[in-house]
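Visitor: Start counting the sequence shown at 29; every next residue gets the next number (this note's numbering).
Even glycine gets a Cβ: it sits at the ideal position worked out from N, Cα and C.
Values in this document were obtained by computation on a predicted structure and should not be read as measured data.
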Amino acid sequence: MDRPRLIIIIPCYNEEEVLPVTAPRFKAELEVLRSKGLVSGDSRIMFIDDGSSDSTWKIIKDLSDESPDYTGLRLSRNRGHQNALLAGLLEARKDCDITISIDCDGQDDITAMEQMVEEYHKGADIVYGVRSKRKTDKAFKRSSAQFYYKLLSAMGAEVVYNHADYRLASSVVLNELADFEEVNLYLRGMFPLIGFTSAEVPYERHERLAGKTRYPLSKMISLGLNGITSLSVKPIRIITGLGLGVALVSFVLLIYTLVRYFIGATVEGWASTAAIISFMSGVQLICLGVIGEYIGKIYMETKRRPRYIVRERTDKE
Ligand code: UDP
Ligand code: MG
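Put into structure tokens, the structure is as follows:
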């Protein structure tokens with residue numbers, strides 16, 4: 029079989045501390061893949077600078093001067109991990125057979141790439157990296173992540189359990205991904221929708237090698253909500269169900285009140301009335317919020333703004 033040309037896609041945002049540590053590791057792994065004849069000699073590593081404000085882009089440029097193995101793409105501003113990843117994937121698909129996307133902080137086991145490429149040779153077009161253990165994640169992150177996967181599947185969204193964005197995708201798949209035009213991105217939920225043959229490769233997740241997480245709780249929650257609302261309209265259905273349920277209860281309550289009225293026993297405390305009103309206002313506000321989430325999304329989608337803008341490249345081929 030022909031050896032495929034691989035481009036490793038690595039989004040970086042303010043990673044000046046960790047990039048000099050991990051870049052040589054990616055290069056070493058690329059060498060291993062080459063020497064085993066799994067990928068072609070002109071395979072590459074592509075860093076996507078997601079509008080960093082530190083020296084990340086300078087490091088990327090220096091790396092690309094040092095070795096042709098490294099290339100870089102610089103976005104015009106910070107757009108977030110998902111957009112940076114999409115930029116890398118869509119730009120790379122034109123000059124490669126396969127891509128592997130991975131974070132730049134060394135948390136994901138780099139050596140799992142070998143097995144991923146082997147799965148590709150066996151016929152898979154998408155290979156999902158799946159975390160075998162989460163012992164290095166903080167207890168909170170671990171349990172919230174597990175809870176989230178359960179929630180997603182309860183909402184009818186199809187995602188691969190314990191898979192983040194460490195994944196091999198062939199250019200065939202990426203050409204199809206390019207036709208998914210949504211601006212609200214949740215890539216790990218989009219790949220299963222593309223289809224083709226897929227496989228899973230387990231790997232261990234380590235501590236960050238340097239620097240600190242660029243995914244604070246607020247970004248995690250926002251990605252999480254985006255996942256649910258991108259993949260499913262079930263929350264709106266739940267609201268409809270809730271509304272029907274509440275209407276039924278109110279109807280029973282109405283009959284009860286009428287009966288009390290006719291037997292002349294209506295002088296009762298306001299406490300229960302006040303409680304019902306405030307409870308119902310709360311429920312209504314939550315429902316409005318959920319519907320608002322979807323309307324907000326539709327609003328953003330109708331604008332059809334570009335999902336990323338390339339500012340600079342380290343092209344030299
Ligand atoms: N990242 C990015 N843009 C952002 C935030 C993060 O490109 O706005 C990159 C970051 O450099 C890293 C990856 O996304 O390569 C994952 O981020 P991080 O390691 O901070 O997240 P965590 O692993 O803690 O969830
Ligand atoms: Mg990380």
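If you reduce the DSSP assignment to three classes, tell me which class residue 74 lands in.
Guide: In this structure, residue 74 counts as strand in the three-state DSSP scheme.
Visitor: With DSSP collapsed to three states, give me the class of residue 342.
Guide: In this structure, residue 342 counts as coil in the three-state DSSP scheme.
Visitor: I need the straight-line Cα distance from residue 266 to residue 180, nearest angstrom please.
Guide: Roughly 14 angstroms between the two C-alpha positions.
Visitor: At what residue ranges does the stretch 102-163 contain a whole run of the beta strand (DSSP E), taking only runs of 3 or more?
Guide: The qualifying runs are 126-129 and 154-161.
Visitor: How long is the line joining the alpha carbons of residue 152 and residue 44, rounded to whole angstroms?
Guide: Cα to Cα, the separation comes out at about 35 angstroms.
Visitor: Skipping 5 residues on each side, what residues in its chain have a beta carbon closer than 8 angstroms to that of residue 92?
Guide: So the list reads 98, 99, 100, 342 and 344, once near-sequence residues are dropped.
Visitor: By the three-class DSSP mapping on this structure, what secondary structure does residue 332 have?
Guide: It is coil, neither helix nor strand.
Visitor: If you measure from each CB to the nearest heavy atom of the ligand UDP and keep those under 6 angstroms, what residues do you get, in chain order?
Guide: The set, ordered by position in the chain, is 39, 40, 41, 43, 78, 106, 108, 109, 112, 131, 132, 133, 135, 241, 242 and 243.
Visitor: Keeping to the same chain, check which residues put their C-beta closer than 8 angstroms to that of residue 65; ignore five residues upstream and five downstream.
Guide: Result list for residue 65: 31, in chain order.
Visitor: Would you call the stretch 108-117 in contact with the stretch 138-151, where contact means no fewer than 3 C-beta pairs closer than 8 angstroms?
Guide: With the cut-off at 8 angstroms, the stretch 108-117 and the stretch 138-151 do not touch.
Visitor: Among the residues of its own chain, which have a CB less than 6 angstroms from the CB of residue 41, if the five just before and after it don't count?
Guide: Correct list, in chain order: 78, 80 and 242.
Visitor: Relative to the C-alpha of residue 244, which residue among 108, 318 and 48 is closest?
Guide: Checked all of 108, 318 and 48; the closest Cα to residue 244 is 108.
Visitor: In the DSSP assignment, the alpha helix (DSSP H) including residue 276 goes from what residue to what residue?
Guide: Element bounds for residue 276: 262-290.
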